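Asker: After the structure tokens below, expect a handful of questions from me.
In this note's numbering, the protein residues as written are 9 to 108.
Now the structure itself:
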């Protein structure tokens with residue numbers, strides 16, 4: 009059990025470093041994994057929400073409004089104690105199977 013906590017702490021530290029450097033997209037996987045290991049950590053939950061919100065703003069600034077909107081919606085879940093799974097994306101055109 010102590011090993012999982014240590015792992016979560018290391019992941020949180022790496023995620024925090026990315027957030028402090030405004031590399032929000034890189035921080036998200038670290039923080040999600042750490043939160044899975046420590047779901048009762050409100051500071052970690054808030055840090056993930058900050059990373060999601062920051063990356064959403066970066067995507068919008070790059071003209072990727074739909075992606076930014078999805079992340080902005082996802083950023084509210086950790087703040088409210090909800091799940092931290094990525095918001096599902098709609099299927100892209102041409103990826104479906106044709107039925108004959």
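Where a beta carbon is used, it is the ideal one built from N, C-alpha and C, also for glycine. Quantities reported herein were computed from a predicted structural model and do not represent experimental measurements.
Pair every Cβ in the region 47 to 54 with every Cβ in the region 67 to 75, then say whether three or more of these pairs are closer than 8 Å.
Answerer: Cβ pair count under 8 Å is below three, so no.
Asker: Within 10 angstroms of the Cβ of residue 40, are there 16 or more other Cβ atoms? Answer buried if so, exposed if not.
Answerer: Buried, by the Cβ-count rule.
Asker: Report back the beta-carbon spacing between residue 56 and residue 67 to the nearest angstrom; my notes put them in contact at under 8 Å.
Answerer: Going by Cβ atoms, the distance from residue 56 to residue 67 rounds to 16 Å, so no, they are not a contact pair.
Asker: Since residue 33 and residue 63 are thought to touch, with beta carbons under 8 Å apart, how far apart are those beta carbons, to the nearest angstrom?
Answerer: That belief holds up - the Cβ atoms of residue 33 and residue 63 are roughly 5 Å apart, short of 8 Å.
Asker: Residues in the same chain with beta-carbon distance under 7 Å from residue 58, minus the five sequence neighbours each way, listed in chain order, please.
Answerer: Cβ within range, chain order: 27.
Asker: DSSP three-state call for residue 77: helix, strand or coil?
Answerer: Helix at residue 77.
Asker: Can you give me the C-alpha to C-alpha distance between residue 20 and residue 70, rounded to a whole angstrom?
Answerer: For residue 20 and residue 70, the distance between alpha carbons rounds to 27 Å.
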